[in-house]
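**Q** Mapping to UniProt numbering: the sequence shown position 30 is 30, numbers consecutive.
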Amino acid sequence: MLGLHGPDPACAVGRRVQAALASLDSRVAGAITAELEQLTLHDLLVAEPSPARPGV
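(1) Let's see if you can read the secondary structure: which residues bound the alpha helix (DSSP H) around residue 25?
(2) Taking only three categories from DSSP, how would you classify residue 41?
(3) Figure out for me which residue from 2, 47, 46 and 35 has the closest Cα to the Cα of residue 23.
(4) Using a Cβ-Cβ cutoff of less than 6 Å, which residues in the same chain neighbour residue 18 once the five nearest sequence positions on both sides are dropped?
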């Protein structure tokens, strides 16, 4: 979700922060998945107004 990439091996901070970011990324993905599992197409259609379509 966060678009993580491998850190520069020469970077002391990058080497250590990767595990923390991977854990956060996993929790974010789980939260998004759980939220999406609760939605239906109807929920999405009534939550957001349709953009104006000329001629319709």
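Built from N, CA and C at the ideal position, the CB exists for glycine as well.
**A** Quick answer:
(1) Within the sequence shown, residue 25 is the residue found at index 25, counting from 1. Where residue 25 is concerned, the enclosing alpha helix (DSSP H) stretches over 12-37.
(2) What you label residue 41 is simply residue 41 of the sequence shown in a count that begins at 1. For residue 41, the three-state secondary structure derived from DSSP is helix.
(3) Within the sequence shown, the letter at position 23 stands for residue 23. Out of 2, 47, 46 and 35, 2 has the C-alpha closest to the C-alpha of residue 23.
(4) Position 18 of the sequence shown, counted from the start, is the residue given in the question as residue 18. 7.
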